[in-house]
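Here our numbering is used: the sequence shown runs in plain steps of one and ends on residue 163.
Ideal placement from N, C-alpha and C gives every residue a C-beta, glycine not left out.
All figures in this text were calculated on a predicted structure; none of them were measured in a lab.
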Amino acid sequence: MQDVTIAAGSLSGAVGGISAGGVSLVLIIVMVYGVIGKGKKKLASGPAQIVGIFGELAFLRSTGFTRNIGDAFHSVVAGLAENPALGNIGMTGVALVLIALSLFARIVPASGVFLGMLMGAAFQAADGSIWQAIVQIFSIPFQMMGV
Numbered sequence: 017m018q019d020v021t022i023a024a025g026s027l028s029g030a031v032g033g034i035s036a037g038g039v040s041l042v043l044i045i046v047m048v049y050g051v052i053g054k055g056k057k058k059l060a061s062g063p064a065q066i067v068g069i070f071g072e073l074a075f076l077r078s079t080g081f082t083r084n085i086g087d088a089f090h091s092v093v094a095g096l097a098e099n100p101a102l103g104n105i106g107m108t109g110v111a112l113v114l115i116a117l118s119l120f121a122r123i124v125p126a127s128g129v130f131l132g133m134l135m136g137a138a139f140q141a142a143d144g145s146i147w148q149a150i151v152q153i154f155s156i157p158f159q160m161m162g163v
């Protein structure tokens, strides 16, 4: 019996090699079928947001069309952060606004995934230890798979 330790890359031996593009594709399928919910399973709004955050962080790590999706969400939050009409609120301001929306707005699974992806992009781009700590926590599964 082999002893499996939980360290960077240790799950890659258990699940096999996987790229960020592969993880992104799996998360796209979870997002689509979790929101449409034609089968027995459907995401609730909270888990949909978490899947959206994981999806955005995976998209930003990948190449190809999924990287383009990640860059598109990143450009949306960057545009909000640097918008003079909003008073140049900055990326931290955008992250806080998205958290407030997440806590208090009425959210359905589709908007939850969208909000989660925006949150993932804002957390990745925001300066400050709390935002990078959140990104590091959400990145643990990627690091365990060697992505």
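- In the same chain as V110, and ignoring 5 residues on each side of it, the C-beta atoms closer than 6 Å to its own belong to V93, L96, A97 and A138, in chain order.
- Listed in chain order, the beta strand (DSSP E) runs fully inside the segment 30-100 amount to none, counting runs of at least 3 residues.
- Distance from the CA of Q148 to the CA of V124, rounded to the nearest whole angstrom, comes to 27 Å.
- In the structure shown, the three-state DSSP call for I115 is helix.
- Assignment of M161 by DSSP, reduced to helix, strand and coil, places it in the coil class.
- Rounded to the nearest whole angstrom, the CA to CA distance from L112 to Q65 is 15 Å.
- Ranked by Cα distance from F89, the options Y49, E72 and P63 are led by E72.
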